[in-house]
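K.L.:
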Amino acid sequence: MSVVWRPKAGDADVTQIHKFMAYVNRQRDRRLHTYDELYEYSISEDSFWIDLSDFLEIQYSTPPTNTLAGNIKLCECPLYPPPQFFPGARLNYAENCLEGKNAHQTAVIMAREGATQVERYSFAQLKTRVHRLADALRSAGVRKGDRVAGILANSIYAVTLVLATASIGAVYSSTATDMGISGILDRLRQIVPKVVFFDNASFYNNKSHELLSKAESVLSSIDSNDLAAFVVAPNMETMASKIGHGKACTLDELYEKHPGRSHELKYEQVEFTHPLFVMYSSGTTGPPKCIVHSVGGVLLQMRKEYALQCDMHAGDIYWQYTTTGWMMYNYLLTSLAAGVTIVCLDGSPMVNIPGLIKFMEAEKITHYGTSPRWLSELKTQNINPKDLAALESLRCVTSTGSVLVEALFHQFYKSWPTHIQLASVSGGTDLMSCFFMHNVITPVYAGQLQCVALGMAARVFDAAGKDISEPGRPGELVCTRPFPSQPIYFLSDPDGGKYKSAYYETYPGIWHHSDFVQFEASGGVTMLGRSDGVLNPSGVRFGSAEIYSITEKFPEIVDALCVGQRRPTDADETVLLFIITKSKAGFTTELVDRIKRTIQRELSPRHGKSLRRSGESPKVSATIANPEVLEYYRQFVNIEGVVRKDQARL
1 MSVVWRPKAG DADVTQIHKF MAYVNRQRDR RLHTYDELYE YSISEDSFWI
51 DLSDFLEIQY STPPTNTLAG NIKLCECPLY PPPQFFPGAR LNYAENCLEG
101 KNAHQTAVIM AREGATQVER YSFAQLKTRV HRLADALRSA GVRKGDRVAG
151 ILANSIYAVT LVLATASIGA VYSSTATDMG ISGILDRLRQ IVPKVVFFDN
201 ASFYNNKSHE LLSKAESVLS SIDSNDLAAF VVAPNMETMA SKIGHGKACT
251 LDELYEKHPG RSHELKYEQV EFTHPLFVMY SSGTTGPPKC IVHSVGGVLL
301 QMRKEYALQC DMHAGDIYWQ YTTTGWMMYN YLLTSLAAGV TIVCLDGSPM
351 VNIPGLIKFM EAEKITHYGT SPRWLSELKT QNINPKDLAA LESLRCVTST
401 GSVLVEALFH QFYKSWPTHI QLASVSGGTD LMSCFFMHNV ITPVYAGQLQ
451 CVALGMAARV FDAAGKDISE PGRPGELVCT RPFPSQPIYF LSDPDGGKYK
501 SAYYETYPGI WHHSDFVQFE ASGGVTMLGR SDGVLNPSGV RFGSAEIYSI
551 TEKFPEIVDA LCVGQRRPTD ADETVLLFII TKSKAGFTTE LVDRIKRTIQ
601 RELSPRHGKS LRRSGESPKV SATIANPEVL EYYRQFVNIE GVVRKDQARL
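All letters in the sequence shown, in the order written, are residues 1 to 650 by the UniProt record's numbering.
#1: What's the gap between the Cα of A248 and the Cα of P234?
#2: Any contact between the region 70–84 and the region 479–497? By contact I mean 3 or more CB pairs, one from each, below 8 Å.
#3: Between I191, K144, S122, which lies nearest to T160 when the distance is taken from Cα to Cα?
#4: Excluding the 5 residues preceding and the 5 following K73 in the sequence, name in chain order all residues of the same chain whose CB lies nearer than 7 Å to its CB.
#5: Using 8 Å as the Cβ pair cut-off and three pairs as the minimum, do the region 356–365 and the region 376–396 touch?
#6: Check each candidate in Q320, Q411, V397, T177 and name the one with the smallest Cα separation from K379.
#7: Does T526 pass the burial test, meaning 16 or more other C-beta atoms within 10 Å, or should it be called exposed?
#8: What does DSSP give as the partner residues of I151 in its beta bridges?
#9: With distances taken between CB atoms, is the gap from I243 to L212 smaller than 8 Å?
#10: Output the distance between the C-alpha atoms of A240 and E40, rounded to the nearest integer angstrom.
#11: Going straight from the alpha carbon of M437 to that of D54, what length do you get?
#12: Could you work out which residue in A69, D51, I58, T116 is closest to L91 when comparing CA atoms only?
#13: Find out if the Cβ-Cβ distance for the pair M432, H293 is shorter than 8 Å.
#14: For A170 versus R147, is the C-beta distance shorter than 8 Å?
#15: For Q320, which residues of its own chain have a beta-carbon under 7 Å away from its beta-carbon, when the five flanking residues on both sides are left out?
#16: State the Cα-Cα distance for the pair E377 and G427, rounded to the nearest angstrom.
#17: Ends of the alpha helix (DSSP H) at E590?
#18: I'd like to know whether the C-beta atoms of V449 and S485 end up nearer to each other than 8 Å.
#19: Which value, in whole angstroms, describes the spacing of the CA atoms of T480 and G100?
#20: If you scan the region 489–533 from start to end, which runs of the beta strand (DSSP E) of 3 or more residues do you find wholly inside it?
#21: What span of residues does the beta strand (DSSP E) with E113 cover, start to end?
#22: Within 10 Å of its beta-carbon, does G608 have 16 or more other beta-carbons around it, so buried, or fewer, so exposed?
#23: Flag M279 as yes when its Cβ comes closer than 7 Å to any non-hydrogen atom of the ligand FMN, and as no otherwise.
#24: If you draw a straight line from the alpha carbon of E305 to that of S399, how long is it in whole angstroms?
#25: Mapping the DSSP letters down to three states, classify Q16 as helix, strand or coil.
#26: Just to confirm, is the Cβ distance from H131 to L265 under 8 Å?
#27: Please report the straight-line C-alpha distance between R613 and I550, rounded to a whole angstrom.
#28: Look up F578 in the DSSP assignment and say whether it is helix, strand or coil.
#29: Would the beta-carbon of V403 fall within 8 Å of that of G246?
#30: Is C434 near T442, with beta carbons less than 8 Å apart?
#31: Roughly how many angstroms separate the alpha carbons of L603 and Y632, rounded to a whole number?
#32: Among the residues of its own chain, which have a CB less than 8 Å from the CB of E616, if the five just before and after it don't count?
#33: Put S402 into one of helix, strand or coil per three-state DSSP.
#34: Which class does V295 belong to by DSSP, given the choice of helix, strand or coil?
#35: Just to confirm, are M279 and T429 a CB contact at a threshold of 8 Å?
#36: How far does the alpha helix (DSSP H) with L360 in it reach, from first residue to last?
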């Protein structure tokens, strides 16, 4: 592998990671000077997390004094049950995002698809909006620990709702507006929200889509005594926002019915492990699991990554393209706590890509987060950003959601200004952070994730549970020591059985992440793909069970198999659906069209697009009853030669 980026001489001295090492050296009488030395300190010394919290100046009403309850050491503590970090500490997520900031600095830059209709909100303006909505939510009956759900676009309304919910100590659940009714109900029925916010319309790929009919269907299915209000947000002000239901109201009506009365925004102080976000699994074995993450875990982990891995500073401008249904939305939002200006784009990133590049230049974006799919699209369209803008402010482009192949690294440095660091990062919804990231003091190698993230004891195990973490040996990604952003629990899991089986049963007491990886001699990591049934085309994560729930509704279908494919030459993943019909004559174009429409309607349009993926010849396990069947599927490795292009779109 070749080096494609190196830090400039002298730059390291002014980085956040250099300042942190200097801080630790003073506090602990250490001699830390390299990334490897700091990493070893971060996984071997419990003081790392306290040092980190102090260095980042996280705001507490009661600061932490110990890393773990009972002064237990991390090296002696199993990951399950998840240990309690920072016992006795009290804080508030929204307070960390809003207080202690430059009131006049822009907090949020809002833009519509193609970088149009740009709006700006200062930290002072954002706080005013949050204060008003928090008062309305309190008046409507929302209290600490209640759940608030948003089916919203990436808009100022969503940002305001998340922070207002968190200021009360309530728990927020986010779902993208393109999710189908069944998918939304699978989530809301489990979390039983006190209040639901639902956009009146959405705009994607140059088309507006009314959402009131979907909202009405959802409301009629979840209405109960627990639901206090169903609020329609005016994402598109020119479209209707009225629903004929007693609990439904527009946002303006919510404010009229529940006017604010408090003189200042109140921040409910909660424990470090108090719930903040409900996230969702991909649903490979049924309805999605409701993964609950804590206030402190999210804040500490994400702020660690912004500062020490990404080298973000207060005043930087961060644009992560994401929908509100992906954990990267929570990741973008939490950077407000670091004093960073965030960019929220509502719509498709594929519309007017040259305009988006010029938008980066005009807004002086410092950090841009995207996906391999988007970078690959630039190559397809022959777009060279360096020909469109100097991008002198842009220091880093991160890629996540799927594997960033070596060829895309080389393509990036041919078409983008070479001062920009390209970083492939990997983590997940399960940990609300990353196992593998980047840093600004070591080189970047093409095709590799740059380093293991600080504080994360990531290792590689074989099937028997043996540590094979030496360079060049592929195996299962595990984590052997606790970290603050482990989920605190799953909803609808009273005995913790689902939670335990999700991460800790393959290797008892050790986190099993279901990624197949290989450490490299460079210190980097090669991501080889998922080792479970999660499908991940273009960063849209979903489970095969979601597809099976659709195929089971078709009486013509006897059986179905939904798999991902990714070949070494592919920039992205393709999802393939194989079906067996009751008779050969039953497989028709009309049936294929009905399957497509049903998937798009009940799951989301993204599930029904032509999506690419790749894979290697399977290694047959001794536990497989009929290994000869794999010979049939082997022909689809080169699917272009087997299936006509007009047949290959699901």
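Note that CB positions come from ideal geometry on N, CA and C, so glycine has one too.
This one's a predicted model, so the numbers in the text were calculated from it and none came from an experiment.
P.N.:
To lay it out plainly:
#1: Start at 1 with the first residue of the sequence shown, and residue 248 comes out as number 248. Start at 1 with the first residue of the sequence shown, and residue 234 comes out as number 234. Distance between the alpha carbons of A248 and P234 is about 13 Å.
#2: yes
#3: Reading the sequence shown from its first residue, position 160 is the one you call residue 160. Nearest option by C-alpha distance: S122.
#4: Here the question's residue 73 lines up with position 73 in the sequence shown. Only D46 meet the Cβ criterion.
#5: yes
#6: The count along the sequence shown starts at 1 and reaches residue 379 at position 379. Taking only the C-alpha atoms, the option nearest K379 is Q411.
#7: The sequence position of residue 526 within the sequence shown is 526, counting from 1. The residue in question, T526, is buried, as its Cβ has 16 or more Cβ neighbours within 10 Å.
#8: For the purposes of this step, residue 151 is identified with residue 151 of the sequence shown, where counting begins at 1. Looking at the DSSP assignment, I151 forms a beta bridge with T175, F198.
#9: Against the sequence shown, residue 243 aligns to sequence position 243. Against the sequence shown, residue 212 aligns to sequence position 212. Closer than 8 Å, so yes.
#10: Mapped onto the sequence shown, residue 240 falls at position 240. Mapped onto the sequence shown, residue 40 falls at position 40. Straight-line Cα distance between these residues: approximately 57 Å.
#11: Numbered from its first residue, the sequence shown carries residue 437 at position 437. Numbered from its first residue, the sequence shown carries residue 54 at position 54. Rounded to the nearest angstrom, the two C-alpha atoms are 22 Å apart.
#12: Mapped onto the sequence shown, residue 91 falls at position 91. Comparing Cα positions, the closest option is I58.
#13: If you number the sequence shown from 1, residue 432 lands on position 432. If you number the sequence shown from 1, residue 293 lands on position 293. Contact flag set, yes.
#14: Locating residue 170 in the sequence shown gives position 170, counting from the first residue. Locating residue 147 in the sequence shown gives position 147, counting from the first residue. In this structure, R147 lies closer than 8 Å to A170 by Cβ.
#15: As a position in the sequence shown, residue 320 is number 320, starting the count at 1. Contacts found: M328, Y331, L332, G369.
#16: As a position in the sequence shown, residue 377 is number 377, starting the count at 1. As a position in the sequence shown, residue 427 is number 427, starting the count at 1. Taking the straight line joining both Cα atoms gives about 23 Å.
#17: The count along the sequence shown starts at 1 and reaches residue 590 at position 590. It spans 589–602 - the alpha helix (DSSP H) in which E590 sits, taken as one unbroken run.
#18: Taking the sequence shown and counting its residues from 1, one reaches residue 449 at position 449. Taking the sequence shown and counting its residues from 1, one reaches residue 485 at position 485. For the record, residue 449 in the displayed sequence is Leu; it is not Val. For L449 and S485, no; Cβs fall outside 8 Å.
#19: By one-based count along the sequence shown, residue 480 stands at place 480. By one-based count along the sequence shown, residue 100 stands at place 100. When rounded, the distance between both Cα atoms is 36 Å.
#20: 511–519, 525–530
#21: Numbered from 1 along the sequence shown, position 113 holds the residue referred to as residue 113. E113 -> no beta strand (DSSP E), and no H or E assigned at all.
#22: Residue mapping note: residue 608 aligns to position 608 of the sequence shown, counting from 1. Its pLDDT being 49, under 50, G608 is placed unreliably in this model, and the coordinates cannot settle the point.
#23: Because no ligand of any kind appears in the structure shown, any question about the ligand FMN cannot be addressed here.
#24: In the sequence shown, counting from the first residue as 1, residue 305 sits at position 305. In the sequence shown, counting from the first residue as 1, residue 399 sits at position 399. Answer to the nearest angstrom: the Cα atoms are 15 Å apart.
#25: Numbered from 1 along the sequence shown, position 16 holds the residue referred to as residue 16. Note: Q16 maps to helix in three-state DSSP.
#26: Residue 131 sits at position 131 when you count from the first residue of the sequence shown. Residue 265 sits at position 265 when you count from the first residue of the sequence shown. Yes, the pair counts as a contact, with Cβ atoms nearer than the cut-off.
#27: Locating residue 613 in the sequence shown gives position 613, where the first residue counts as 1. Locating residue 550 in the sequence shown gives position 550, where the first residue counts as 1. With a pLDDT of 30 at R613, under the threshold of 50, the predicted position of this residue should be treated as unreliable, though the coordinate-derived value follows. Their backbone Cα atoms lie some 21 Å apart in a straight line.
#28: In the sequence shown, counting from the first residue as 1, residue 578 sits at position 578. In the structure shown, F578 sits in a strand (DSSP, three-state: E or B).
#29: For the purposes of this step, residue 403 is taken as the residue at position 403 of the sequence shown. For the purposes of this step, residue 246 is taken as the residue at position 246 of the sequence shown. In this structure, G246 does not lie closer than 8 Å to V403 by Cβ.
#30: What you label residue 434 is simply residue 434 of the sequence shown in a count that begins at 1. What you label residue 442 is simply residue 442 of the sequence shown in a count that begins at 1. For C434 and T442, no; Cβs fall outside 8 Å.
#31: On the sequence shown, position 603 is the one that residue 603 refers to. On the sequence shown, position 632 is the one that residue 632 refers to. Cα to Cα, L603 sits roughly 29 Å from Y632.
#32: The residue given as residue 616 occupies position 616 in the sequence shown. Here the model assigns E616 a pLDDT of 44, short of 50, so the residue's position is not dependable and the matter cannot be decided.
#33: Looking up residue 402 in the sequence shown gives position 402. Reduced to three states, the DSSP call for S402 is coil.
#34: Numbered from 1 along the sequence shown, position 295 holds the residue referred to as residue 295. Of the three classes helix, strand and coil, the one that applies to V295 here is helix, per DSSP.
#35: As a first step, residue 279 must be located in the sequence shown, where it is residue number 279. As a first step, residue 429 must be located in the sequence shown, where it is residue number 429. Yes, the pair counts as a contact, with Cβ atoms nearer than the cut-off.
#36: Counting from one through the sequence shown, the residue named residue 360 turns up at place 360. As written in the sequence, residue 360 is Met, which differs from the Leu given in the question. Residues 353–362.
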